[in-house]
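K.L.:
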Amino acid sequence: MLQTTSAPAVNRPNSVAVGTIVWLGSEVMFFAGLFAIYFTLKTSLPAVWASSVEHLNVPYALTNTIVLVLSSFTCQFGVFAAERLQPQSTGWKPSEWGMVRWFFVTYAMGAVFVTGQVFEYANLVSEGIAINSSAYGSAFYLTTGFHALHVTGGLIAFLLTIGRAFAVRTFGHREATTAIVVSYYWHFVDVVWIALFVVIYVLK
Amino acid sequence: MRANVYFFWFISAYAFLADVVYTIWNLFFAGTTNGGGGGRVEPIGTVCLLLTAVMALFIGFYVNRSRLGQGGVLPEDRPDASIDDGDPELGFFSPYSWWPILLAASAALGFLGFVIGIWVAFIGGAIAIVALVGWVYEYYRGFFAR
Numbered sequence: 001m002l003q004t005t006s007a008p009a010v011n012r013p014n015s016v017a018v019g020t021i022v023w024l025g026s027e028v029m030f031f032a033g034l035f036a037i038y039f040t041l042k043t044s045l046p047a048v049w050a051s052s053v054e055h056l057n058v059p060y061a062l063t064n065t066i067v068l069v070l071s072s073f074t075c076q077f078g079v080f081a082a083e084r085l086q087p088q089s090t091g092w093k094p095s096e097w098g099m100v101r102w103f104f105v106t107y108a109m110g111a112v113f114v115t116g117q118v119f120e121y122a123n124l125v126s127e128g129i130a131i132n133s134s135a136y137g138s139a140f141y142l143t144t145g146f147h148a149l150h151v152t153g154g155l156i157a158f159l160l161t162i163g164r165a166f167a168v169r170t171f172g173h174r175e176a177t178t179a180i181v182v183s184y185y186w187h188f189v190d191v192v193w194i195a196l197f198v199v200i201y202v203l204k
Numbered sequence: 205m206r207a208n209v210y211f212f213w214f215i216s217a218y219a220f221l222a223d224v225v226y227t228i229w230n231l232f233f234a235g236t237t238n239g240g241g242g243g244r245v246e247p248i249g250t251v252c253l254l255l256t257a258v259m260a261l262f263i264g265f266y267v268n269r270s271r272l273g274q275g276g277v278l279p280e281d282r283p284d285a286s287i288d289d290g291d292p293e294l295g296f297f298s299p300y301s302w303w304p305i306l307l308a309a310s311a312a313l314g315f316l317g318f319v320i321g322i323w324v325a326f327i328g329g330a331i332a333i334v335a336l337v338g339w340v341y342e343y344y345r346g347f348f349a350r
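Chains as they are written, first to last, in our numbering: chain C, 1 to 204; chain H, 205 to 350.
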């Protein structure tokens, strides 16, 4: 009796993408620790919180948040271009933009966000909230600071991804995978910021 | 793959259940002695157990999306598959690389800089840039350029 010679071809899950997701799962737990620090200090010292949150500029932070959220969309359009294996733009219309241009736009928006954070920090320090001034300062700068470091790491990753698009003669699936996993990271950092924004600026 | 997805969903459900039990226990049953929460939410356990559930749900969701997108059952999940059915290109794996060692050395210099003087960290930063770029473009230049 003859056996079937082979199983049908399937799309094997991309090991780079699955690995990135598992690593982002560990990043969830990293930020879980930071959220735990924040909530513990908040419940222990409600008076410090009440006097400190008055210094927060919520409309300013909201504007910054909107920039970061929109950058996730431009990043995703860049991924769509990468999935078309199209690194460079073929026209002026956004539907003809390549991955490189979308990622440069995303980079610029992420850089605006980090710059905005720097000015916000400078403003808060001038109003007396520093990392060593109170428990609120420690919690605020640890949570938002580690997030800003993640955004900065994402910016470097975008530059390296763009560099890879220029390094190859033909943009292939391996380069597209790079773009996709960087976008996973960027969306993750964006979602973490939304949670931080709600906790720090909305719930106060 | 289906079993993998169920594992992650089980971990997620378990962590969420543990979170609910932990929070209720702190609110109503724990005393202020012996480190108990004393009738209030203890934030560390509540936050971290909730995000443990989120972590497992997140990975499970992605693995499930991969499973639905693969358009069939993987050979390793089929009792009637042969060994060589499971021998496609799994991906690209670097045979060896020196760059991670250089990157780790730069990180070591960075932390050493916090101890003996911040100028050491700047040297570490410069080496980190070289090591990172070298690692990322290792298979994009020279013999491997394509």
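Glycine included, every Cβ here is placed at the ideal spot set by N, Cα and C.
Can you give me the C-alpha to C-alpha distance between residue 151 of chain C and residue 266 of chain H, rounded to a whole angstrom?
P.N.:
22 Å
K.L.:
So which residues on chain C does residue 243 of chain H lean against when the C-beta distance must stay under 9 Å?
P.N.:
Those do not exist, as residue 243 of chain H stays about 12 Å from chain C at its closest Cβ, beyond 9 Å.
K.L.:
Taking contact to mean at least 3 C-beta pairs separated by less than 8 Å, is the segment 154 to 168 of chain C in contact with the segment 314 to 327 of chain H?
P.N.:
The segment 154 to 168 of chain C and the segment 314 to 327 of chain H do not touch, with fewer than 3 CB-CB distances between them shorter than 8 Å.
K.L.:
I'd like to know whether the C-beta atoms of residue 160 of chain C and residue 337 of chain H end up nearer to each other than 9 Å.
P.N.:
yes
K.L.:
Is the CB-CB distance between residue 310 of chain H and residue 340 of chain H below 9 Å?
P.N.:
no
K.L.:
Skipping 5 residues on each side, what residues in its chain have a beta carbon closer than 7 Å to that of residue 148 of chain C?
P.N.:
Cβ neighbours of residue 148 of chain C beyond the five flanking positions: 114, 117.
K.L.:
Quick check on residue 190 of chain C: does DSSP put it in helix, strand or coil?
P.N.:
helix
K.L.:
Anything in chain H within Cβ reach of residue 164 of chain C, meaning under 9 Å, just list it in chain order.
P.N.:
Against chain H, the beta carbon of residue 164 of chain C has neighbours under 9 Å at 340, 341, 344, listed in chain order.
K.L.:
Could you tell me whether the segment 176 to 188 of chain C touches the segment 79 to 97 of chain C, where touching means 3 or more Cβ pairs closer than 8 Å?
P.N.:
yes
K.L.:
Using 8 Å as the threshold, is the segment 19 to 27 of chain C in touch with the segment 216 to 235 of chain H, meaning 3 or more CB pairs across them?
P.N.:
The segment 19 to 27 of chain C, when compared against the segment 216 to 235 of chain H, does not touch it at the 8 Å Cβ threshold.
K.L.:
For residue 293 of chain H, which three-state DSSP category applies?
P.N.:
coil
K.L.:
If residue 48 of chain C sits next to residue 134 of chain C, beta carbons under 8 Å apart, how far is it from one beta carbon to the other, in whole angstroms?
P.N.:
5 Å
K.L.:
Quick one: does residue 296 of chain H have its CB under 9 Å from some CB of chain C?
P.N.:
yes
K.L.:
Jot down the residue ranges of each uninterrupted alpha helix (DSSP H) in the segment 113 to 183 of chain C, minimum 4 residues, whole runs only, in chain order.
P.N.:
The qualifying runs are 135 to 167.
K.L.:
Since residue 153 of chain C meets chain H, which of its residues come closer than 7 Å, beta carbon to beta carbon?
P.N.:
In chain order: nothing, as chain H lies at least about 10 Å away.
K.L.:
Enumerate in chain order the residues of its own chain whose CB-to-CB distance from residue 75 of chain C is below 6 Å, with the five nearest sequence positions on each side excluded.
P.N.:
Close CB contacts of residue 75 of chain C within its chain, under the 6 Å cut and outside five residues either way in sequence, are with 106, 183, 186 (chain order).
K.L.:
Hey, is the segment 248 to 263 of chain H in contact with the segment 33 to 51 of chain C, meaning 3+ C-beta pairs nearer than 8 Å?
P.N.:
With a cut-off of 8 Å, the segment 33 to 51 of chain C and the segment 248 to 263 of chain H count as touching, because enough Cβ pairs lie within range.
K.L.:
Is it buried or exposed for residue 41 of chain C, if we count other Cβ within 10 angstroms and need 16 for buried?
P.N.:
Residue 41 of chain C counts as buried, since no fewer than 16 other beta carbons sit within 10 angstroms of its beta carbon.
K.L.:
Pick out whichever of C:14, C:32, C:67, C:193 has its Cα sitting closest to the Cα of residue 110 of chain C.
P.N.:
Of the candidates C:14, C:32, C:67, C:193, C:67 places its Cα closest to the Cα of residue 110 of chain C.
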